[in-house]
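Data block below; observations after.
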Amino acid sequence: MNILIVGDQLTGKTSYVERLVYNRFSESYITTMGKDLYTYMHN
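Residues 9 to 51 (my numbering) are what the sequence shown spells out, left to right.
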């Protein structure tokens with residue numbers, strides 16, 4: 009299954025995905041330029 013997350017800038021898309029994939033949250037903010045790709049395997 010592929011999931012695409014889209015939305016306005018500064019809405020927390022990267023934070024959401026990093027929490028799901030890596031179980032972490034970063035207080036600092038670096039703007040995503042272009043697109044980020046993550047791979048996540050759910051058991």
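We put the CB at the ideal spot given by N, CA and C, even for glycine.
Which listed residue (the options) has its alpha carbon closest to that of residue i
| i | options | result |
| --- | --- | --- |
| leucine 18 | Glu35, Phe33, Val29, Thr39 | Thr39 |
| isoleucine 13 | Tyr37, His50, Asn31, Lys43 | Lys43 |
| serine 36 | Gly20, Met9, Met49, Asn51 | Gly20 |
Cβ neighbours of residue i in the same chain (closer than 7 Å, five flanking residues each side left out)
| i | result |
| --- | --- |
| tyrosine 46 | Val25, Val29 |
Residues near residue i in its chain [Cβ-Cβ closer than 8 Å; skip 5 each side]
| i | result |
| --- | --- |
| serine 23 | Phe33, Ser34 |
| isoleucine 11 | none |
| glycine 15 | Lys21 |
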